[in-house]
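Below is one structure, written out as structure tokens; the observations come after it.
Numbering (the numbering used here), first residue to last: 1098 to 1892.
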């Protein structure tokens, strides 16, 4: 659903310019109503300002319609007017109005001072450090007057019948739009209701009014406004809501930090609430803050990332010839991964060779330019090396290993100076790209090199072994390391530690890999985005998804404590998690909310990327009754939902014939979920799974294997069978290879059967160690795939 808008952009610009000429970066409430009228709002309330000290005439008081008057204190520093007695409704009689105005001008500063003393964490910055009479006087001095507003009674004052709509300029994602349950308890609703039920948000650059309306329809707010809850009646049309959202989105795009022609940037525009009278949307309060446009972030030559993932020459500086320091470890790992020794150079003025690798005294002395230059020196030496790189132009890409590049307060000045040098080098489209600092390095299986500074005896590598068509991009090197240690089966083709993003960003990496022909899955662990890079990242995610790739995303810093931890770890400024999650999800990524979810989703995406997913109908079978029931119990949560597929008659007949042949017909009933009992052998499991996979009404199959069952060909590893191949493995491998329907296995048998799990994984079958975890992960993955398919259909 789309809607035409009636926006007067020149008039909106003049609204902001008028305030700017007065030295203000905000609009007073009555100016917000003018702004809304120019935005296309039909029913902003009539109002007028009663200045401080003004003797308001009877004619002015009586000029507004209705028999009541709404009086509101006007101050740029008191956003919480209701809490301090700054909003009153009185009979529209001149003397009563004048009395109320006079009372408010004295009572509100006193009430506000007491409120600020109790809520110092949300007090306006102008009042920080003030108390007592000094605070009261400061509040009084800021009061412009009292606004008399037309009283327009709403159709209903029941819970949920008010709407908040707002724009906010975020550092990472530019302008976002949000909407949901409005009124004085908006923040309480957002905290207490399940995710996405009270408030929804999206980037104005990634969605239109109709698309945002579809998000909004999932909220309690919409159900109340549309009369879909018990005892409610509709009080606004869908078309009105869509038009409102469309207008806000267009205005958000126009007055955006991402618009190079924007005359102003709206920092915040909020109407809280819209009330509803006779199918009219009535704004009852509003605020607007704005700023002048700043410089746009510079871009990097993203194509040079090719020199990071597939270099032909590598140089290393910081290699010790006497001990195994980080530089020496990196050199050893580069060679052990199979990179040609003659294409590796060590920058070391006091040696001819280290570990059989030629040394040169400086970059000028290199026999040929470097694709990748690895810097593994202490942080204080990095600026001089960066200058040498920029002056000589002898490297296309630079990997900065050292920490102390922005993670601490003491190192931020050094990091800022380096970043500025890199930015200037890019201004003309030139200069190398820099990965890091504080990077753990890069592993590129296609490029046959490894710059992780982790010794082989600490973490055995899988060089030369098969790898997946995936790229793992992480701000934390340790995160990648622990995920691989936990689940070595997720081995991606590329693993890149971003570190502090002093130059290359998460958005840059997503832009590069969205076009990579050898990557189907992009997995990202993020702690924070650089300015507007969240938006750039989302745009790249959308393009990757439209190109048929899967994107898995995890964002650290969900809590205030987590945000502090991420800033200290890799110099990240963690943005608002809800906004980040919403923007990335709407771009098409599958968002994990825990490390385990991330790991499980990557595992599934790597193995099921090429499978057809047409819906969310699940078939489940197991030899254990509890497991079959547990699978059925795990198909729905707050974040995802699947449903059990009703089996076709042909499938039930096929299963019945199988059970008859296997003499199980007295024990097993063909249904979903299917409990095949411990009497089922390998062929029964495989053929039952095949029948389910071939049912046109089934979109995915989960098979629970109970290897302790006497009829299943599986022996515990402790019995000398850790390397034998069970009959069930080739049967299921053949089924998984030939079937377009996703097949997931569950082996809930502890460490005794790790060999069986490993062999199934090697056959490209996703395996989970509990049915609830497997079904939940599959459900989440399928929901993400279906969302991506909808985006492709709409594009």
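Beta carbons are placed, not taken as given, at the ideal position from N, Cα and C, and that holds for glycine.
- Taken through DSSP and simplified to helix, strand or coil, residue 1564 comes out as coil.
- Residue pairing for residue 1372: DSSP places it in a beta bridge opposite 1379.
- Every unbroken stretch of the beta strand (DSSP E) spanning 3 or more residues and falling wholly within the stretch 1132 to 1190 is given here in chain order: 1144 to 1148, 1165 to 1171, 1184 to 1188.
- DSSP places residue 1571 within a strand segment (E or B) once states are collapsed to three.
- Shortest Cα-Cα distance from residue 1479 to any of 1808, 1518, 1328 involves 1518.
- For the pair residue 1688 and residue 1583, the Cα-to-Cα distance works out to about 20 Å.
- Beta-bridge annotation (DSSP): residue 1719 is paired with 1772, 1801.
- Straight through space, the alpha carbons of residue 1607 and residue 1634 are spaced by roughly 6 Å.
- In the DSSP annotation of this structure, the continuous segment of the alpha helix (DSSP H) that includes residue 1311 starts and ends at 1306 to 1313.
- Counting only residues of its own chain and dropping the five nearest sequence neighbours on each side, residue 1363 has a CB closer than 6 Å to the CB of 1264, 1352, 1387.
- For the set 1537, 1369, 1600, 1495, the Cα lying nearest the Cα of residue 1427 is the one of 1537.
- Within its own chain, the residues whose Cβ lies closer than 7 Å to the Cβ of residue 1307, once the five positions on either side in sequence are excluded, are 1098, 1099, 1339, listed in chain order.
- Contact fails between the stretch 1419 to 1438 and the stretch 1459 to 1467, because fewer than three Cβ pairs, one in each stretch, are under 8 Å apart.
- The beta carbon of residue 1741 sits closer than 8 Å to the beta carbons of 1714, 1715, 1716, 1717, 1729, 1732, 1769, 1770 from its chain, once the five residues preceding and following it are set aside; these are given in chain order.
- Contact annotation: residue 1844 and residue 1804 have beta-carbon atoms nearer than 8 Å.
- For the pair of segments examined, the stretch 1261 to 1278 was found to touch the stretch 1296 to 1304: the number of CB pairs separated by less than 8 Å reaches three.
- Cβ atoms of residue 1333 and residue 1322 come within 8 Å of each other, at about 5 Å.
- For residue 1468, no alpha helix (DSSP H) run applies; the uninterrupted beta strand (DSSP E) run containing it begins and ends at 1467 to 1472, by DSSP.
- DSSP, read as helix, strand or coil, puts residue 1709 in coil.
- Between residue 1241 and residue 1171, the C-beta gap is smaller than 8 Å, which places the two residues in contact.
- Here DSSP, grouped into helix, strand and coil, assigns residue 1365 to strand.
- Per the DSSP secondary-structure output, residue 1760 pairs with nothing in a beta bridge.
- In its chain, beyond the 5 residues on either side, 1779, 1810 have a beta carbon closer than 7 Å to the beta carbon of residue 1824.
- Annotated three-state conformation of residue 1554 is coil, per DSSP.
- Excluding five sequence positions before and after residue 1448, the CB atoms of its chain that fall closer than 6 Å to its own CB belong to 1418, 1456, given in chain order.
- Here residue 1467 is near residue 1410, since their CB atoms are less than 8 Å apart.
- Shown here for residue 1247: same chain residues with a beta carbon closer than 7 Å to its own, the five before and five after excluded, namely 1142, 1143, 1144, 1161, 1162, 1163 in chain order.
- A residue is called buried once 16 or more other Cβ atoms fall within 10 Å of its Cβ, and residue 1389, having fewer, is exposed.
- In the displayed model, residue 1626 falls within coil according to three-state DSSP, outside both helix and strand.
- Here the alpha carbons of residue 1310 and residue 1111 stand approximately 29 Å from one another.
- Distances from the alpha-carbon of residue 1407 to those of 1654, 1535, 1591 put 1591 closest.
- In the DSSP annotation of this structure, residue 1584 is not part of any alpha helix (DSSP H), being labelled neither H nor E.
- Below 8 Å, enough C-beta pairs join the stretch 1857 to 1875 and the stretch 1695 to 1710 to call them touching: three or more.
- In summary, residue 1152 is exposed, with fewer than 16 beta-carbon neighbours lying within 10 Å of its beta-carbon over all protein chains present.
- Distance between residue 1550 and residue 1394, taken at the CA atoms: about 32 Å.
- Here the alpha carbons of residue 1214 and residue 1157 stand approximately 37 Å from one another.
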